[in-house]
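Below is one structure, written out as structure tokens; the observations come after it.
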Amino acid sequence: GYGLSLADELKSLEVLRAAAQVHPLEIVPTFLGAHDVPAEHRGDKARYVDLLVEELLPAVAAARLAEYCDVFTEAHTFDLADSRRILGRARELGFGLRVHADQLSQLGGAELAAELGAASADHLEHVSERGIAALLAAGTVPVLCPLVPLVLRQEREAPGRRIADAGLPLALSTDYNPGSCYCPSLHEAIAFGALRYRLTAAECLTAATLNPACSLGRGARCGTLEPGKQADFALLDVASVEHLAYDFGRPRVRGVWKRGVRVVPAPAAG
11 GYGLSLADEL KSLEVLRAAA QVHPLEIVPT FLGAHDVPAE HRGDKARYVD LLVEELLPAV
71 AAARLAEYCD VFTEAHTFDL ADSRRILGRA RELGFGLRVH ADQLSQLGGA ELAAELGAAS
131 ADHLEHVSER GIAALLAAGT VPVLCPLVPL VLRQEREAPG RRIADAGLPL ALSTDYNPGS
191 CYCPSLHEAI AFGALRYRLT AAECLTAATL NPACSLGRGA RCGTLEPGKQ ADFALLDVAS
251 VEHLAYDFGR PRVRGVWKRG VRVVPAPAAG
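Below, the structure is given as structure tokens:
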């Protein structure tokens with residue numbers, strides 16, 4: 011989502027594929043070529059949308075480099091018509107859909123995500139009550155990023171408590187990226203989800219485990235510890251689940267297991 015050209019987007023996705031082959035954790039790649047309009051197309055956005063639909067998406071699909079396609083749906087990037095066209099083509103090509111929705115304005119991105127059956131609608135700082143209802147009806151997971159408004163010095167935050175009270179299985183994300191939130195700590199996202207959205211610690215735990223697994227189509231095999239699942243879990247040095255939200259800002263991970271095998275710290279050789 012930062013190359014914005016066929017060569018650079020393919021390179022980024024190929025790096026993810028290579029990393030997935032050697033890294034013990036699962037990587038779920040998403041194509042975000044519709045993150046912004048590149049400088050050379052600022053005066054002719056329609057041409058870049060054509061490139062996305064006619065060249066970039068088919069190339070990514072042919073190489074099987076991404077599982078999902080995402081669009082940053084805003085008036086100054088890709089409006090509802092642009093987003094509907096890009097995501098519609100992505101769906102035709104077999105991609106799952108994700109949407110950056112209603113982050114900077116109440117454009118109707120949540121409603122679009124619901125209309126198209128997207129797996130997730132992300133950010134949602136400006137989501138409407140109609141948008142919340144649409145997400146609930148469609149089964150689209152709202153992914154909230156509580157650290158982003160802090161970094162961007164924005165007063166508007168996603169209505170996390172309202173979304174949870176509506177019955178939606180919200181997920182929490184760091185939104186780790188070089189542009190708007192250079193923080194990789196999920197623990198921080200959990201803590202600020204509790205502080206800013208008034209979620210309980212138990213709600214935050216579910217929002218960091220099972221709900222995001224479901225949004226990625228993996229809820230049947232990971233996200234919880236129960237018979238038949240693949241035993242992906244982290245061991246944390248906290249006094250209770252409440253301390254996930256209460257006591258933050260220092261290292262807590264004592265080990266990570268993937269499919270029942272400890273991968274962090276790595277097992278000793280021999």
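The numbering of the sequence shown is this note's numbering, which starts it at 11 and goes up by one.
From the three backbone atoms N, C-alpha and C, an ideal C-beta is built for every residue, glycine too.
Judged by their CB atoms, Gly259 and Ala211 are not nearer to each other than the 9 Å cut-off. Cβ-Cβ distances below 7 Å link Ala148 to Ala124 and Gly127 in the same chain, with the five nearest sequence neighbours on each side left out; the list follows chain order.
The residues Leu146, in chain order, have a CB closer than 8 Å to that of Gly177 in the same chain once the five nearest residues on each side in sequence are set aside.
The distance from the Cβ of Ser15 to that of Ser130 is about 26 Å, inconsistent with a contact at the 8 Å cut-off. The C-alpha of Glu102 lies about 37 Å from the C-alpha of Gly270. The criterion of a C-beta distance shorter than 9 Å is satisfied by Pro152 and Asp132. Membership of Arg57 in the alpha helix (DSSP H) is indicated by the continuous run Lys55 to Leu61. Counting along the chain, Ala44 sits inside no alpha helix (DSSP H); it lies in the beta strand (DSSP E) bounded by residues Thr40 to Ala44. Ranked by how close their Cα comes to the Cα of Pro39, the residues Asp89, Ala71, Ala85 and Val158 have Ala71 in first place. With respect to the 9 Å criterion, Val59 and Ala76 are not classified as neighbours on the basis of their beta carbons. Here Leu245 carries a strand assignment [DSSP, helix/strand/coil].
Assigned with DSSP and collapsed to three states, Gly141 falls in helix. Gly119 places its beta carbon 9 Å or farther from that of Gly170. In this structure, Ser183 sits near Pro222, with a CB-CB distance shorter than 9 Å. In the assembly as shown, Glu36 is an exposed residue. Its beta-carbon has fewer than 16 other beta-carbons within 10 Å. The C-beta distance from Ala241 to Trp267 rounds to 6 Å, short enough to fall under 8 Å.
Using a Cβ-Cβ distance cut-off of 8 Å, the segment 108 to 117 and the segment 83 to 97 are in contact, since at least three pairs of beta carbons, one from each stretch, lie closer than that value. As for any alpha helix (DSSP H) of minimum length 4 sitting wholly inside the segment 148 to 218, the runs are 158 to 161, 170 to 175, 196 to 207 and 211 to 217, ordered along the chain.
About 6 Å separates the beta carbon of Ala255 from that of Cys214, a gap short enough to meet the 8 Å contact definition. In this model, Ala49 and Ala217 are separated by some 37 Å (Cα to Cα). Within the same chain, Glu19, Lys21 and Ser22 come within 7 Å of Gly13 by CB-CB distance, once the 5 residues on both sides are set aside. When C-alpha distances from Gln113 are compared across Gly106, Thr87 and Leu107, the shortest belongs to Thr87. In the DSSP assignment, no residue is bridged to Phe105.
DSSP places Cys232 in the coil class of the three-state scheme, outside both helix and strand. Of the residues assessed, Gly106 falls on the buried side of the cut-off, its CB having 16 or more other CB atoms within 10 angstroms.
At a Cβ-Cβ threshold of 9 Å, Leu246 and Arg262 count as neighbours.
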